[in-house]
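*Asks:*
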Amino acid sequence: MSSKIKIIFVLCMSFIWLVLMGEISTAKKMDTAPNNIPGTIKATSERLLRGKAIYSYYCSPCHGPEGTGLGPNAGNLATRPRNFTDKLYMDTKSDRDLFQVIKGGGSMVGLSFLMPPWGGTLLEQELFDIIVYLRTFEAAGK
1 MSSKIKIIFV LCMSFIWLVL MGEISTAKKM DTAPNNIPGT IKATSERLLR
51 GKAIYSYYCS PCHGPEGTGL GPNAGNLATR PRNFTDKLYM DTKSDRDLFQ
101 VIKGGGSMVG LSFLMPPWGG TLLEQELFDI IVYLRTFEAA GK
């Protein structure tokens, strides 16, 4: 390959890389919550029961049954899962914030990519149910 072709190839690859990095950066800042998500989701006993069941199946393997971030899979992860009993941290997060992380995954909001996006698996109402249940851990925290 001639040096002129090599230079053109390197320039093209550099351009593609820059475009892709810009797309990734934009995706990290994307708001995955619909505009109708309030800062606080209304808790009901039905929502709490559904949230507990969904959390137990999908979330507790990493976050643990008590929400401490010490689930059975946590030891296999490079980043410890969020401790939902940390009241100081949880008080800084609105239900809309939690919705974004659960729906879009950690990398969509600048957190760990190890938190998977559940928006393609769970319905919005199920995400609301999980959030209501997550708030019960906060109440037990210090």
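Take the sequence shown: its position 98, counted from the start at 1, is 98 in full-length UniProt numbering, and no numbers get skipped.
All C-beta atoms in this analysis are idealised placements derived from N, C-alpha and C, irrespective of residue type, glycine included.
Just so we're clear, the structure is a prediction, and the values are computed from it rather than from any experiment.
Could you tell me which of A139, E138 and V132 sits nearest to residue 147, measuring between CA atoms?
*Replies:* Residue 147 falls outside the range modelled here, since the chain spans only 1 to 142, and no answer is possible.
*Asks:* How long is the line joining the alpha carbons of L88 and F128, rounded to whole angstroms?
*Replies:* Looking up residue 88 in the sequence shown gives position 88. Looking up residue 128 in the sequence shown gives position 128. Looking at the two C-alpha atoms, the distance is approximately 21 Å.
*Asks:* How would you label L49, buried or exposed, when you count the other beta carbons within 10 angstroms and need 16 or more for buried?
*Replies:* Sequence index remark: in the sequence shown, residue 49 carries index 49 (1-based). Exposed, since its Cβ has fewer than 16 Cβ neighbours within 10 Å.
*Asks:* On the three-pair Cβ rule with 8 Å, is the stretch 76-83 touching the stretch 51-68?
*Replies:* Per the Cβ contact rule, the stretch 76-83 is in contact with the stretch 51-68 (3 or more Cβ pairs under 8 Å).
*Asks:* Just to confirm, are T40 and D97 a CB contact at a threshold of 9 Å?
*Replies:* Sequence index remark: in the sequence shown, residue 40 carries index 40 (1-based). Sequence index remark: in the sequence shown, residue 97 carries index 97 (1-based). For T40 and D97, no; Cβs fall outside 9 Å.
*Asks:* Look up T26 in the DSSP assignment and say whether it is helix, strand or coil.
*Replies:* As a working mapping, residue 26 is identified with position 26 in the sequence shown. For T26, the predicted structure reports a pLDDT of 47, less than 50, and the residue's modelled location is therefore unreliable. The matter cannot be settled from this model.
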